[in-house]
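Beneath this line is the structure, given in structure tokens, with notes to follow.
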Amino acid sequence: MIFNEDSRVKIPSILHLIQLGYTYLSLKASSWDENTNIFTSIFKEQIQKINSKLSEKDIQKVYDDISISLENEDLGRAFYNKLIDQSGVKLIDFENFDNNSFHVVTELPYVKDDESFRPDIILLINGMPLVFIEVKKPNNKEGISAEHKRMQRRFQNKKFRKFINLTQLMVFSNNMNYSEDDTQMLEGAFYSTTNYRKPIFNYFREEETFDLNTILKPLSEEDETFVLKDTNLLSIKNSKEYLSNKNPNTATNSISTSLFQRDRLKFILRYAFAYVEEEKGLEKHIMRYPQLFATKAIENKLENCIKKGIIWHTQGSGKTALAFFNVKHLTHYFRQKTIIPKFYFIVDRLDLLVQAAKEFNARGLKVYTIDSRDAFSKDIKSTQVIHNNSGQAEITVVNIQKFKDDPDVIKNNDYNLSIQRVFFLDEVHRSYNPKGSFLANLELADRHSIKIGLTGTPLLGSEYNSKTLFGDYIHKYYYNLSIKDGYTLRLIREEIETNYKLVLQEALENIKVLQGNIDKKKLFADHRFVEPMLDYIVKDMEQARISMGDNSIGGMVVCDSSDQAKMMYDIFQNTYYEKVTTSYSQAAEEPASYGNKKKEESKVNTAQVILHDIGTKQDRRDWVSDFKAGKLDLLFVYNMLLTGFDAKRLKKLYIGRKIKSHNLLQTLMRVNRTYKTHKYGYVVDFADIQKEFDKTNQDYFNELQSELGDEMQHYSNLFKKPEEIKQEIEEIKDVLFKFNTENATVFGEQISEINDRTEIRQIAKALNNSKELYNLIRLSGNFELLEKLDFRALSVLARLTNDRLALINTRIALENNVDTENILNTALEDVIFAFTKVKEEEMVLADELKNTLGKTREMLAGNFDQKDPTFVSLKEELERLFKKKNLSEVTKEEMEANIKALNAIYDKAKKLERENQLLKAKYDYDAKYARIHKRLMEKDPLTDSERKLFEALKGLKTAVDTEIQQNSKILENESYVERMVMRLVINQFKKEQKIEINTTDVRRINNIIVKEYMNEYNGNVA
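Numbering-wise (our numbering), the sequence shown opens with residue 10 and increments by one.
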């Protein structure tokens, strides 16, 4: 393993953190509470320093309360509230942040019962491990994704609850720059907060320019030597790769500067976290970097006495969350100035009021809602800041729809300068016409108020525009970056198939013949037109679920009129709706095959119409919630839900009418939210919106060009370009040209003859795009390809190819035994489960087998001595399990046997790991000498006394490390090292420990020791 993690990432990162002001602690000389991993002596000393009136008994009680709170099933919410509290006992001094202590340690064991993990780098604030950093070497096979899976497994493990609840911030890095082509987060440095299910990784793109000469203090020779000696890596001190990776601009060091310099860390710990009550349970969110920089930009504007402006963040980038974070931040900002802020969130529709209130409530804000002129007039004149009795932070959500053009809403001349009104105006691309009265009323109400406009598509025009009305842009975050950062998806517009166009056209003609000169709205609402249109939508939606491999996705139909929406719903209920019932006759039948079951699950059989005159307000809220929760397959709408509606599972939008101008862009954005692994949002076009879109797009871009000049490029990536789609299709056609794609059996036989991994990878790469292929081909108009390929079978071809690739990978890793690490670092549990299981019970077993294999592989992969005979034996046992036969033919009984065998391997591997760690600890955690000790005890032991061998090697370690510390350049001359070590071996073994050794013994000891040091220096595995 050239370029190992220690020399290339971990140690340089620790040294960089020291330069940022963290003090390195050696675990050998430290103690901590293993139940919490809090360094209690540091903690108690710091709490006493910050809270000088507390007694020793008081401090112990504080610690006990923290320990108890960490046991909660609350993602650490109770602990976090204690952490940021500045009114009672302070765990962190935020007013004087330098008054806290800052330490960095490495590989602190997080242990509970028989399970453990050791993050590479841990940051302690006042002795509390609030941050950890996991590093990997560049170009590691699975990138950051493997670490993502490991953390997911650990976070779901209830044994680690205390540690998870205590941790606030995590960084995962393989020390590579972000790649333009990487959509899977394989390369780069990412940050996250904790989650009981699956941590969400985020990009961090720094927007400020730092003077590193000011931020970074010089690194002393003493500090560097102490770290290298403590980590038993003195030998790398002058290696070229180590020296080059001390650069402060490497990916890991850069993100450390961005997140962990004191001012930034103070900001993040205090303001950047939100506990959110989601439909699936409690989640902890951390500010996305554009939200962080927008928040700081608002503060900067206020410091410069600018009280209005626009936040232009693309749709789907979390503007409601941004408002929440700013309530937290601005509350403290104004409190320092002895001013009390009063926050408003202005919307222009009732459904947006409901949605915003729900979002704020979910984040723990108290919400007061206003939906009438009189209530708003009364509130704006009131000096009362909050309406709740608990004293909690509050925001008033106002719907101005009914009174935005009323000239007499507000007249208030009684200014209270100790109160600062802050208005967040949502979606300032609409409803704020200066010729109306709302803006004037708002200005008259309080000329000192702060007005922050939020938009994803600013209103641009010659007569008036967003910028004219609300001031300059405070912060901008464009669609291109949002796509790169994985927060939003690109969009694909699909034309309906030609044969369906003809069916719909024929239906229209028949209706005209029967009804004469009929109104267009009635024409499109006629059941003879709606029926074939709905048939297409249902079949297309079902096919999308199959081709995308995801039955949880939903669709929304934007109807031509409310009458059409009602007709569509009526026909759906009569034709497609199925009540979920339990059939006793079915229960006795043979279970359906897994394939048929999946096909059945893809059916579209539940829907709801959302119109202002259907159901009550509460009914409509419930229906929207049901859709978001996956209880409804389709929604039929007319005007409602076209803006501000956020449902991640909505991946198909069926447009049945023309939508004008920026309203069209707003509507299209309903399908751009990220969801699972989907790459695109799909827009199915019944209304021929292409011309309108092209016109809107061109007009918008033209005005954008004049407004923003060179920044025009940031919106160039909004939609997938036809030429990109055509190129992908051509690649697929070229790859499949040689093969029989009509017969899966023949195709399987053909690819089974391919043994070259590069060739099979090329086929797999092309076929793995099959989830999007069907839609891409239809979009491009290459309909002849649809006739040549059975796209329903395309996923089968992809699976067969993935099976073949898995087998080739497994053979290389297992049978050829190229490198021990290959089998251990390959996600074998994912490779073998690419195969489709037939029965439900097998799927349950498969999950258990996968988890058992995962933890077994991880336990073996963490072993620092992979030449140990016991380790080799365990690895061979693991190999034998998966060499027996074709993995796709594993039966239920064999899976059960494999689980039992894996558990036996895991138990032995755990025992070996425990013994290894005990021996390593004897040598001050130097893995080199633990390996040397074992090699010298395995064959022809030099002495009957293992203790004597230890004394000799410990003395030898001290002597060799002293020589290297005095002149680390000696490792550049291997011959000199050999002579030096030989002299020291003779001295320690013969003279000091009186162990009888001959010339052959000396050479053997010398070779093993020199090889360990030279491997470490060169960055190779021993």
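For every residue, glycine included, the Cβ atom is placed at its ideal position computed from N, Cα and C.
Tell me residue i's beta-bridge partners as DSSP assigns them.
{"i": "Val236", "result": "DSSP, once it has assigned bridges, lists no residue as partnering Val236."}
{"i": "Leu662", "result": "Met565, Val692"}
{"i": "Ala303", "result": "For Ala303, which the question treats as bridged, DSSP gives no partner whatsoever."}
{"i": "Asn184", "result": "Its beta-bridge partners do not exist; DSSP assigns none."}
{"i": "Tyr33", "result": "Val113"}
{"i": "Leu1049", "result": "Absent from the model: residue 1049. The displayed extent of the chain is 10 to 1031, so no value can be given."}
{"i": "Asn408", "result": "Val356"}
{"i": "Gly915", "result": "The sequence given here places Tyr at residue 915; Gly does not occur at that position. DSSP output for Tyr915 lists no bridge partner at all."}
{"i": "Thr497", "result": "Arg682"}
{"i": "Ile348", "result": "Answer is none; Ile348 lacks a bridge partner."}
{"i": "Asp42", "result": "Ile47"}
{"i": "Tyr284", "result": "Lys293"}
{"i": "Asn211", "result": "Tyr200"}
I think residue i touches residue j, with their Cβ atoms under 8 Å apart; what is that distance to the nearest whole Å?
{"i": "Gly6", "j": "Ala638", "result": "Residue coverage of the chain in this structure runs from 10 to 1031, which leaves residue 6 outside it and unanswerable."}
{"i": "Thr405", "j": "Ile428", "result": "Their Cβ separation, rounded to whole angstroms, is 13 Å, which puts Thr405 and Ile428 out of contact at 8 Å."}
{"i": "Leu132", "j": "Ile51", "result": "Not really, about 13 Å apart at Cβ, beyond 8 Å."}
{"i": "Asp970", "j": "Leu243", "result": "6 Å"}
{"i": "Leu268", "j": "Leu178", "result": "7 Å"}
{"i": "Val180", "j": "Ile142", "result": "4 Å"}
Leaving out five residues before and five after residue i in sequence, what residues of the same chain have Cβ atoms less than 7 Å from its Cβ?
{"i": "Val539", "result": "Gln573, Met576, Met577, Ile580"}
{"i": "Leu228", "result": "Leu24, Ile27, Gln28"}
{"i": "Ile817", "result": "Asn764, Arg766, Ile769"}
{"i": "Ser35", "result": "Asp239"}
{"i": "Glu857", "result": "Ile908"}
Just reading off the beta strand (DSSP E) that residue i is part of, what are its end residues?
{"i": "Ala616", "result": "616-619"}
{"i": "Gly290", "result": "290-295"}
{"i": "Gly480", "result": "Element bounds for Gly480: n/a, residue is neither H nor E."}
{"i": "Trp321", "result": "317-322"}
{"i": "Thr329", "result": "Taken as a continuous stretch (DSSP letters only), Thr329 belongs to no beta strand (DSSP E), being part of the alpha helix (DSSP H) at 328-344."}
{"i": "Thr378", "result": "375-379"}
{"i": "Asp435", "result": "428-435"}
{"i": "Lys460", "result": "459-464"}
{"i": "Lys1020", "result": "First-last for Lys1020: 1008-1027, but that is the alpha helix (DSSP H), not the beta strand (DSSP E)."}
{"i": "Tyr200", "result": "198-201"}
{"i": "Val881", "result": "It is not in any beta strand (DSSP E) - Val881 instead sits in the alpha helix (DSSP H) that spans 878-890."}
{"i": "Leu958", "result": "Careful: Leu958 lies outside any beta strand (DSSP E), inside the alpha helix (DSSP H) at 955-975."}
{"i": "Phe88", "result": "Note, Phe88: premise wrong, no beta strand (DSSP E); alpha helix (DSSP H) at 86-93."}
Once the 5 residues before and after residue i are set aside, which same chain residues still bring their CB inside 6 Å of it?
{"i": "Lys937", "result": "Glu1021"}
{"i": "Gly462", "result": "Ile319, Leu434, Val437, Phe479"}
{"i": "Asp635", "result": "Leu641"}
{"i": "Tyr482", "result": "Ile319, Trp321"}
Among residues of its own chain, excluding the 5 on either side of residue i, which ones have a beta-carbon nearer than 8 Å to its beta-carbon?
{"i": "Ile664", "result": "Val567, Thr676, Val692, Val693, Asp694, Phe695, Ala696, Ile698"}
{"i": "Lys894", "result": "Here the model assigns Lys894 a pLDDT of 46, short of 50, so the residue's position is not dependable, and the following value carries that caveat. If we look at Lys894 and ignore the five residues flanking it on each side, it has no Cβ neighbours."}
{"i": "Ile349", "result": "Phe343, Val394, Ser427, Ile428, Gln429"}
{"i": "Gln1032", "result": "Since the displayed the chain opens at 10 and closes at 1031, residue 1032 lies outside it and no answer follows."}
{"i": "Glu14", "result": "Asp129, Val144, Lys145, Lys146"}
Which stretch, first to last residue, makes up the alpha helix (DSSP H) that contains residue i?
{"i": "Thr754", "result": "753-761"}
{"i": "Lys171", "result": "170-175"}
{"i": "Ala574", "result": "571-584"}
{"i": "Arg630", "result": "626-637"}
{"i": "Pro7", "result": "The structure shown has nothing for residue 7, since the chain only spans 10 to 1031."}
{"i": "Met989", "result": "983-995"}
{"i": "Glu54", "result": "49-59"}
{"i": "Glu143", "result": "Looking at the DSSP string, Glu143 is not in any alpha helix (DSSP H); the run it does join, the beta strand (DSSP E), is 137-144."}
{"i": "Tyr251", "result": "249-253"}
Check whether the Cβ of residue i lies closer than 7 Å to any heavy atom of the ligand GTP, and answer yes or no.
{"i": "Asn81", "result": "This structure lacks the ligand GTP, and indeed carries no ligand of any kind."}
Sufficient close CB pairs (3 or more, under 8 Å) joining the region 357-372 to the region 390-397: no
Inter-stretch contact (C-beta, 8 Å, three-pair minimum) for the region 242-255 and the region 15-22: yes
Segment contact flag, the region 479-499 with the region 303-323, C-beta cutoff 8 Å, min 3 pairs: yes
Meets three-Cβ-pair contact criterion under 8 Å: the region 79-91 and the region 170-177: Contact between the region 79-91 and the region 170-177 is present, with at least three C-beta pairs closer than 8 Å.
Meets three-Cβ-pair contact criterion under 8 Å: the region 927-944 and the region 961-981: Two segments are said to touch when three or more pairs of C-beta atoms, one from each, lie closer than 8 Å; by this definition the region 927-944 touches the region 961-981.
Three or more C-beta pairs below 8 Å linking the region 609-618 and the region 543-553: yes
Cβ pair count under 8 Å reaching 3, the region 64-84 against the region 105-117: no
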